[in-house]
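Take any residue in the sequence shown, note its place counting from 1, add 80, and you have its number in the numbering used here. No residue lacks a Cβ here, since even glycine has one placed at the ideal position from N, Cα and C.
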Amino acid sequence: MNFIASRSEKWLLWGAVAGSVFAGVVNGLLGTGAGIVLTFIFAKICADYSPKDCFVSAMAAVIPISVFSLFTYGGTGEFDIIYMISVVIPAALGGLLGAYIGARARAEHLRRIFALLVIWAGVKMIM
């Protein structure tokens, strides 16, 4: 493995690190949003990789960010374990189904679905 990166690769790495910090801050402030931020940032700075690779990288980063947010917000005493279990299991099953479909879908279609979801969420937040 080559650990000596070119100058442009180092800038891409620093961009990914800075974007990840920003996504963590957004997720910590709002309780969500890291996946949207990271997917957008990684897609812009990682032009040499496929959109699915960028998406997978973003989702891998979301897991620890979400765990930290869970413990931070859960520590406030506003945490109902029964409710959490009742929504986590169906959400995980939905995630498996979505990943199965997404692995077979064209990146162009996924990009459009993602854009529509972001627009819809933005409109709902304003109204």
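Cβ distance (whole Å) where residue i is taken to contact residue j below 8 Å
i	j	result
P131	A123	6 Å
V142	A114	5 Å
A98	T119	Not confirmed; about 16 Å, so no contact.
G104	I125	With 8 Å as the limit, G104 and I125 do not qualify as a contact, their Cβ atoms being about 17 Å apart.
V117	V106	5 Å
G182	L176	Not a contact, Cβ separation roughly 11 Å.
G174	S149	With 8 Å as the limit, G174 and S149 do not qualify as a contact, their Cβ atoms being about 20 Å apart.
Where the alpha helix (DSSP H) containing residue i begins and where it ends
i	result
G115	114–125
Quiz prompt | Contained beta strand (DSSP E) runs [length at least 3] in the stretch 153–188, N- to C-terminal order | solution = none
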